[in-house]
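These notes concern the structure reproduced below.
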Amino acid sequence: METTDLKIPTHIAIIMDGNGRWAKQRHRPRTFGHTKGADVLEQILTDCDELGVKYLTVYAFSTENWARPYEEVKVIMDLFRKYLISSVEKCARNNVRARIIGDKSKLSPDIIDAINNLEEKTKNNTGITFQIAMNYGSRDEITRAVRMLAKAIEVGELHSDEIDESTIEHYLDTADCPDPDLLIRTSGEVRLSNFLMWQLAYTEFYFTDVLWPDFDKAELLKAIEKYSSRDRRYGKVSK
Ligand code: IPE
Ligand code: IPE
Ligand code: MG
Numbered sequence: 008m009e010t011t012d013l014k015i016p017t018h019i020a021i022i023m024d025g026n027g028r029w030a031k032q033r034h035r036p037r038t039f040g041h042t043k044g045a046d047v048l049e050q051i052l053t054d055c056d057e058l059g060v061k062y063l064t065v066y067a068f069s070t071e072n073w074a075r076p077y078e079e080v081k082v083i084m085d086l087f088r089k090y091l092i093s094s095v096e097k098c099a100r101n102n103v104r105a106r107i108i109g110d111k112s113k114l115s116p117d118i119i120d121a122i123n124n125l126e127e128k129t130k131n132n133t134g135i136t137f138q139i140a141m142n143y144g145s146r147d148e149i150t151r152a153v154r155m156l157a158k159a160i161e162v163g164e165l166h167s168d169e170i171d172e173s174t175i176e177h178y179l180d181t182a183d184c185p186d187p188d189l190l191i192r193t194s195g196e197v198r199l200s201n202f203l204m205w206q207l208a209y210t211e212f213y214f215t216d217v218l219w220p221d222f223d224k225a226e227l228l229k230a231i232e233k234y235s236s237r238d239r240r241y242g243k244v245s246k
């Protein structure tokens with residue numbers, strides 16, 4: 008199928024899974040897989056942008072991932088820190104608007120500063136919006152949203168009768184971002200692992216056995232082709 012025939016999703020969400028297994032297959036430490044995974048992500052962001060995707064949201068570190076060995080968490084945080092710093096320049100060059108979702112308050116102060124700096128410097132960019140989920144969990148996001156909502160009621164800014172779906176969306180980390188059209192999870196696991204549970208209510212799901220460090224543009228196109236064909240079938244049925 009030609010890329011021009013494809014229906015390109017406006018928003019793609021990805022659970023980047025399988026870094027550890029990829030490294031194990033090569034008799035290398037799990038952290039080797041995370042380093043390769045970070046490079047793959049850079050390339051996929053470029054590919055999405057070139058294909059005309061407007062939003063890319065990736066799951067980089069979950070609220071549950073703190074339970075991993077200290078050394079592994081440290082390497083992931085170091086990669087994230089390095090990314091935040093180096094991408095200020097890259098995002099400017101490519102007109103990328105970066106946003107970090109998740110509970111930032113639990114991250115180290117220098118990482119929080121780097122996030123604020125990156126978000127501030129890229130906020131007026133008009134190209135692809137790149138959201139990185141860091142210390143993210145859907146239940147945690149909804150819990151924080153409920154807490155903010157309760158606070159707004161407490162101080163008299165809001166009345167309970169006024170709460171509707173859009174009020175809740177307003178308090179989520181993804182406020183002002185359309186819901187994903189396509190969710191991709193690599194590595195053969197078929198679960199959400201606490202990712203975007205509110206936002207994925209109507210999203211098409213695509214699961215592949217490919218491990219994240221092996222994911223590339225050809226694999227991305229397979230997912231988009233599948234998405235396109237599902238959409239067309241739906242179109243035929245409804246006519
Ligand atoms: C995904 O790969 C990356 C993170 C969760 C940070 P994993 O580290 O979960 O790799 P597997 O699933 O153990 O192979
Ligand atoms: C989900 O992957 C989180 C990320 C990809 C960052 P995990 O590998 O942590 O998920 P589980 O534990 O297998 O469900
Ligand atoms: Mg995993």
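As numbered in the numbering used here, residues 8 to 246 make up the sequence shown, in order.
Just so it is clear, CB atoms sit at the ideal spot from N, CA and C, and this is done for glycine as well.
All of these numbers come straight from a predicted model, not from anything done at the bench.
Using only the alpha-carbon positions, how far apart do D180 and R100 sit?
Here residue 180 refers to the residue found at position 173 of the sequence shown. Here residue 100 refers to the residue found at position 93 of the sequence shown. Cα-Cα distance, rounded: 26 angstroms.
Confirm, please, whether the CB-CB distance from I122 to V60 is below 7 angstroms.
If you number the sequence shown from 1, residue 60 lands on position 53. If you number the sequence shown from 1, residue 122 lands on position 115. Result no, Cβ atoms of V60 and I122 do not sit closer than 7 angstroms.
So, using beta-carbon positions, are V47 and F222 closer together than 7 angstroms?
Locating residue 47 in the sequence shown gives position 40, counting from the first residue. Locating residue 222 in the sequence shown gives position 215, counting from the first residue. Yes, the pair counts as a contact, with Cβ atoms nearer than the cut-off.
Contact test: S200 Cβ vs ligand 2 heavy atom, cutoff 6 angstroms:
As a working mapping, residue 200 is identified with position 193 in the sequence shown. For ligand 2, at least one heavy atom lies less than 6 angstroms from the Cβ of S200.
Same chain, Cβ closer than 8 angstroms to A182, five either side skipped, listed in chain order:
Translated into the one-based positions of the sequence shown, residue 182 becomes position 175. Result list for A182: E176, in chain order.
Tell me which residues pass a beta-carbon proximity test against ligand 3: closer than 7 angstroms to any heavy atom, given in chain order.
D24, G25, G27, S194 and E196
For the stretch 53-138, list the alpha helix (DSSP H) runs that are entirely contained and at least 4 residues long, ordered along the chain.
77-101 and 116-129
Please report the straight-line C-alpha distance between V278 and E79, rounded to a whole angstrom.
Examination of residue 278 is not possible in this model, given that the chain is present from 8 through 246 alone.
Could you compute how far the alpha carbon of G242 sits from the alpha carbon of E49?
Translated into the one-based positions of the sequence shown, residue 242 becomes position 235. Translated into the one-based positions of the sequence shown, residue 49 becomes position 42. Note that G242 scores a pLDDT of 44, beneath 50, so its modelled location is shaky and nothing firm can be said.
Beta carbon of L190, beta carbon of F212: below 7 angstroms?
In the sequence shown, residue 190 corresponds to position 183, counting from 1. In the sequence shown, residue 212 corresponds to position 205, counting from 1. For L190 and F212, yes; Cβs fall inside 7 angstroms.
Taking 6 angstroms as the limit between beta carbons, can you name the residues of its chain near S245, skipping five residues before and five after?
Start at 1 with the first residue of the sequence shown, and residue 245 comes out as number 238. A caution first: S245 carries a pLDDT of 39, below 50, which makes its placement in the model unreliable, though a value can still be read off. If we look at S245 and ignore the five residues flanking it on each side, it has no Cβ neighbours.
What do you reckon, are the CB atoms on D24 and S194 nearer than 7 angstroms?
Mapped onto the sequence shown, residue 24 falls at position 17. Mapped onto the sequence shown, residue 194 falls at position 187. Yes, these two residues count as a Cβ contact at 7 angstroms.
Hey, how far is the Cα of K97 from the Cα of E169?
Taking the sequence shown and counting its residues from 1, the one referred to as residue 97 is at position 90. Taking the sequence shown and counting its residues from 1, the one referred to as residue 169 is at position 162. For K97 and E169, the distance between alpha carbons rounds to 42 angstroms.
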